[in-house]
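Engineer: Please see the structure below; I have some questions.
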Amino acid sequence: MEVAVVGAGISGLIAAYELAKSGVKVVIYEKENYLSGHAKTVTVDGVNLDVGFIVFNRVTYPNLMEFFELLGVDVEISDMSFSVSLDQGRGCEWERRVFIVHLKMVYMMMEIYQIDRNETLGHFIQSHGYSELFQKAYLVPICTLIWSCPSEGVMGFSAYTILSFCRNHHLLQISGCPQWLTVRWRSHAYVNKVVKEELQKRGCHIRMGCEVNSVTTNEEGPVYDASPFYNVFNKEVFISLECVNQQNLGETERPYCVTLNPPHTPEHMLLKWTTSHPVPSVAASRASSELYQIQGKRGIWFCGAYQGYGFHEDGLKAGTIAAQGLLKKNFSILKNPKHMVATQGDLGLADAFIHGDFSFVDKNDGLLNLFMIFVNNRDLKASVTRSSKKRGWWTPLLFTAAVSSAKYFIRCVSNQRTLTQARRNISRHYDLSNELFSLFLDKTMTYSCAIFTSHEEDLKVAQERKISLLIEKAKVKKEHHILEIGCGWGSLTVEVVKQMGCKYTGINLSEQQLKYAKLRVQQAGSISFTILFTNVGFP
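Once you know that position 83 of the sequence shown is 83 in UniProt numbering, the rest is easy, because the numbers rise by one and skip nothing.
Set out below in structure tokens:
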């Protein structure tokens, strides 16, 4: 299969990446003399500066974060703030009115489900009687900042799209907002990884300075290029981004600012750049809802950030969806995290971590730090005063989860679990005999799901892969001391010490498993390590 990808922004690069991975011959056509669209990095006096795509976060950019982790792109914390001046920069409006502004936005969000999707933001504001100050001091400025557009165009935006964006991107929170991040070595670092390490390596051809004005098919004639839903930055809007703090440039000889359409030409201008950005107009919203009518027809698939809110996350999702749709493959797109109530205890936190529902900025010690917080909270809870223990029925744990957890709670109580019963259950299962389990387990005697790369692969190979992957994911180091609670027949025991040379302690309640594991350790006598198995019994 041969596919032409028109445009090398985030959507085009991702679509090409997904297609090339599947063995498709890909040719990319880009009208500019550089790749990546808004992910543009310029160098000034040896300092790399991003002028388009700068910041993101783990909460509202989950697919982008997953992609960066897959590529091995380093990210770091960024500093973000927002202020508004209505008197030519002589004062800052938000020093006094931020809380009132947020209350008005919260009130707007309460009406989001009643909004007609064809209603403009201007009509919504006027019909609900919001003040002129609220419009000028918050709503219009933040929209011009987010979508890089002139202020006079904001009121023509889709009210439903704007309010949905504010809700999904946590703009209504006074505190506890997601931590903003930036690419450590600027955005061209991830672009280079995609282009050089993925696309070019897979034989993808890239043609820059090659604008495509129309696409002709054999079935129904030409399809002409038209982009009516884009805003070109040549109108009056003044937005300035301070680069040193946002991009963590460190010590520089002078400050750098990215400014959109200043009312006066700056005295020291280093670069002038013209670009465009999707705007959430009612027409664009309506067109996006009707995209399915033409998507994939005549061999043409459409993708772009305009299919969402207009940002990198939206472009990445659109490119993935188009490519996988063309390949007719099943796939899943990560969604923004939402507040949820647990319906059962089980291994909910572990499952959430595995499924990517939460992650850590510190890839090495983030998980450990979280559990240290749990430990500290446990110790703090043990020392609370008697008065703090006498809380009413509105206790958050009971109030928020009582209904959804009722079934699980009743089941736990009715089981009458005791330490003696637990010991008896384990013995009745695992102490049947090692010979019995060896009939359906592989030679490693690993009692959990393996990780296969093909249907024909041997179970032993797949189990060994899983164990090695577990060691890698846990980031085990030589100086660590591993505690495995429920060590089974010792498959991880020997392998983790053999690979990493660390100390190991295994806890096991099954006498048969303990016997087998000790024998396995003795057979690996050529390896120098210390292992302690503990059989914890109950009276």
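For glycine and all other residues, C-beta sits at the position ideal for the given N, C-alpha and C.
Starting from T120, trace the alpha helix (DSSP H) both ways and give me its first and last residue.
Structural biologist: Against the sequence shown, residue 120 aligns to sequence position 120. Where T120 is concerned, there is no enclosing alpha helix (DSSP H), given that its DSSP letter is neither H nor E.
Engineer: Taking the alpha helix (DSSP H) that I451 falls in, what are its first and last residues?
Structural biologist: Position 451 of the sequence shown holds residue 451. From DSSP, I451 is part of no alpha helix (DSSP H); its letter is neither H nor E.
Engineer: Among H268, M445, L199, which one has its Cα closest to the Cα of R520?
Structural biologist: Your numbering for residue 520 matches position 520 in the sequence shown. Per the Cα distances, M445.
Engineer: Check whether the segment 68 to 84 touches the segment 118 to 127, counting contact only when three or more Cβ pairs, one atom from each stretch, lie closer than 8 Å.
Structural biologist: With the cut-off at 8 Å, the segment 68 to 84 and the segment 118 to 127 do not touch.
Engineer: Out of N261, S454, A283, K317, state which residue places its alpha-carbon closest to the alpha-carbon of W273.
Structural biologist: Counted from its first residue, the sequence shown places residue 273 at position 273. Cα-wise, what sits closest to W273 is N261.
Engineer: Hey, would you say R482 sits closer than 8 Å to K498, going by beta carbons?
Structural biologist: Within the sequence shown, the letter at position 482 stands for residue 482. Within the sequence shown, the letter at position 498 stands for residue 498. The sequence given here has Ile at residue 482, not Arg. Contact flag unset, no.
Engineer: I'd like to confirm something about I206: is its beta-carbon nearer than 7 Å to some heavy atom of the ligand HEM, or not?
Structural biologist: With respect to the ligand HEM, the structure shown offers nothing to examine, as it has no ligands at all.
Engineer: Under 8 Å by Cβ, that's how I've got A524 and G506 pegged, so tell me the actual separation to the nearest angstrom.
Structural biologist: For the purposes of this step, residue 524 is taken as the residue at position 524 of the sequence shown. For the purposes of this step, residue 506 is taken as the residue at position 506 of the sequence shown. Incorrect: roughly 14 Å between the Cβ atoms, too far for contact.
Engineer: Please classify C243 as buried or exposed, where buried requires at least 16 other C-beta atoms within 10 Å of its C-beta.
Structural biologist: Along the sequence shown, read from residue 1 onward, the residue named residue 243 stands at position 243. Any reading at C243 is ruled out, since the residue's pLDDT is 48, under 50, leaving its predicted position unreliable.
Engineer: Quick check on DSSP: helix, strand or coil for N33?
Structural biologist: Numbered from its first residue, the sequence shown carries residue 33 at position 33. Of the three classes helix, strand and coil, the one that applies to N33 here is coil, per DSSP.
Engineer: Would you mind listing the alpha helix (DSSP H) stretches within the segment 283 to 327 that are 4+ residues and don't spill past its ends, in chain order?
Structural biologist: Correct list: 312 to 327.
Engineer: Closer than 6 Å by C-beta to H38: which residues in its own chain qualify, once you throw out the five before and the five after it? Chain order, please.
Structural biologist: In the sequence shown, residue 38 corresponds to position 38, counting from 1. Same-chain partners within the cutoff: G52, F53.
Engineer: Within 10 angstroms of the Cβ of N508, are there 16 or more other Cβ atoms? Answer buried if so, exposed if not.
Structural biologist: Here residue 508 refers to the residue found at position 508 of the sequence shown. Classification for N508: buried.
Engineer: Cβ of T41 within 8 Å of Cβ of N48?
Structural biologist: Here residue 41 refers to the residue found at position 41 when the sequence shown is read from its first residue. Here residue 48 refers to the residue found at position 48 when the sequence shown is read from its first residue. Cβ atoms of T41 and N48: closer than 8 Å.
Engineer: According to DSSP, is L163 part of a helix, a strand, or is it coil?
Structural biologist: Here residue 163 refers to the residue found at position 163 of the sequence shown. Of the three classes helix, strand and coil, the one that applies to L163 here is helix, per DSSP.
Engineer: With a threshold of 6 Å on Cβ separation, who are the neighbours of F331 within its own chain once the five nearest residues in sequence on each side are excluded?
Structural biologist: If you number the sequence shown from 1, residue 331 lands on position 331. The residues are Q324.
Engineer: Keeping to the same chain, check which residues put their C-beta closer than 6 Å to that of C143; ignore five residues upstream and five downstream.
Structural biologist: As a position in the sequence shown, residue 143 is number 143, starting the count at 1. The residues are V154.
Engineer: Got a sec? Which residues, its chain only, sit under 8 Å from residue 620 by beta carbon, not counting five neighbours each side?
Structural biologist: Residue 620 cannot be examined here, being either before or after the span of the chain that is shown, 1 to 539.
Engineer: Quick one: using the 10 Å Cβ neighbour count with 16 as the cut-off for buried, is G488 buried or exposed?
Structural biologist: Position 488 of the sequence shown, counting from 1, holds the residue named residue 488. Per the 10 Å Cβ criterion, buried.
Engineer: How is P262 classed by DSSP in three states: helix, strand or coil?
Structural biologist: The residue given as residue 262 occupies position 262 in the sequence shown. Looking at P262 - three-state DSSP - the assignment turns out to be coil, as it is neither helix nor strand.
Engineer: Where R386 and N377 are concerned, what is the direct C-alpha to C-alpha distance, given to the nearest angstrom?
Structural biologist: Counted from its first residue, the sequence shown places residue 386 at position 386. Counted from its first residue, the sequence shown places residue 377 at position 377. At R386, the pLDDT of 45 sits below 50, so the modelled position is not reliable; the number obtained from the coordinates is stated separately. So the alpha carbons of these two residues sit roughly 17 Å apart.
Engineer: Considering only residues of the same chain and omitting the five flanking positions on each side of E211, which have a CB-CB separation below 7 Å?
Structural biologist: As a working mapping, residue 211 is identified with position 211 in the sequence shown. Taken in chain order, the residues that qualify are K31.
Engineer: Determine the extent of the alpha helix (DSSP H) in which N425 is found, giving its start and end residues.
Structural biologist: Here residue 425 refers to the residue found at position 425 when the sequence shown is read from its first residue. Where N425 is concerned, the enclosing alpha helix (DSSP H) stretches over 419 to 430.
Engineer: Shortest alpha-carbon distance to V55 belongs to which of P178, R465, R202, Q293?
Structural biologist: By 1-based counting over the sequence shown, the position of residue 55 is 55. Ranking P178, R465, R202, Q293 by Cα distance to V55 puts P178 first.
Engineer: Are the segment 264 to 284 and the segment 299 to 313 touching by the rule of at least three beta carbon pairs closer than 8 Å?
Structural biologist: Counting Cβ pairs under 8 Å, three or more are found: they touch.
Engineer: Would you tell me roughly how many angstroms separate the C-alpha atoms of residue 540 and N63, rounded to the nearest one?
Structural biologist: A query on residue 540 cannot be resolved here, the shown segment of the chain reaching from 1 to 539 and no further.
Engineer: What are the uninterrupted segments assigned as alpha helix (DSSP H) that are 4 or more residues long and contained completely in the segment 54 to 91, given in chain order?
Structural biologist: With a minimum length of 4 residues, the continuous alpha helix (DSSP H) runs that stay inside the segment 54 to 91 are 62 to 71.
Engineer: Could you compute how far the alpha carbon of A474 sits from the alpha carbon of T182?
Structural biologist: Along the sequence shown, read from residue 1 onward, the residue named residue 474 stands at position 474. Along the sequence shown, read from residue 1 onward, the residue named residue 182 stands at position 182. Answer to the nearest angstrom: the Cα atoms are 25 Å apart.
Engineer: Compute the Euclidean distance between the alpha carbons of S510 and D351, then round it to the nearest angstrom.
Structural biologist: Sequence index remark: in the sequence shown, residue 510 carries index 510 (1-based). Sequence index remark: in the sequence shown, residue 351 carries index 351 (1-based). When rounded, the distance between both Cα atoms is 26 Å.
Engineer: By Cβ distance below 6 Å, which residues in the same chain neighbour T161 in space, the five residues on each side in sequence not counted?
Structural biologist: For this step, residue 161 is matched to residue 161 along the sequence shown. Answer for T161: P280, S285, listed in chain order.
Engineer: Looking at the structure shown, is A501 part of a helix, part of a strand, or coil, going by DSSP?
Structural biologist: Translated into positions along the sequence shown, residue 501 becomes position 501. This sequence places Gly at residue 501; Ala is not what is there. Correct three-state label for G501: coil.
Engineer: Distance check for T60 and T259, CA to CA, integer angstroms please.
Structural biologist: The count along the sequence shown starts at 1 and reaches residue 259 at position 259. The count along the sequence shown starts at 1 and reaches residue 60 at position 60. One C-alpha to the other measures close to 25 Å.
Engineer: Let me know the secondary structure DSSP gives W147 once reduced to three states.
Structural biologist: Start at 1 with the first residue of the sequence shown, and residue 147 comes out as number 147. Three-state DSSP puts W147 in a helix.
Engineer: For A4, which residues from the same chain have a beta carbon less than 7 Å from its beta carbon, with the 5 sequence-adjacent residues on both sides left out?
Structural biologist: By 1-based counting over the sequence shown, the position of residue 4 is 4. Correct list, in chain order: V27, Y29.
Engineer: Using a threshold of 8 Å, state whether the C-beta atoms of I10 and A305 are closer than that.
Structural biologist: The sequence position of residue 10 within the sequence shown is 10, counting from 1. The sequence position of residue 305 within the sequence shown is 305, counting from 1. Taking 8 Å as the Cβ cut-off, I10 and A305 qualify as a contacting pair.
Engineer: So D50 and S148 are supposed to be a Cβ contact under 8 Å. How far apart are they, rounded?
Structural biologist: Looking up residue 50 in the sequence shown gives position 50. Looking up residue 148 in the sequence shown gives position 148. With a Cβ gap of about 14 Å, D50 and S148 do not count as contacting.
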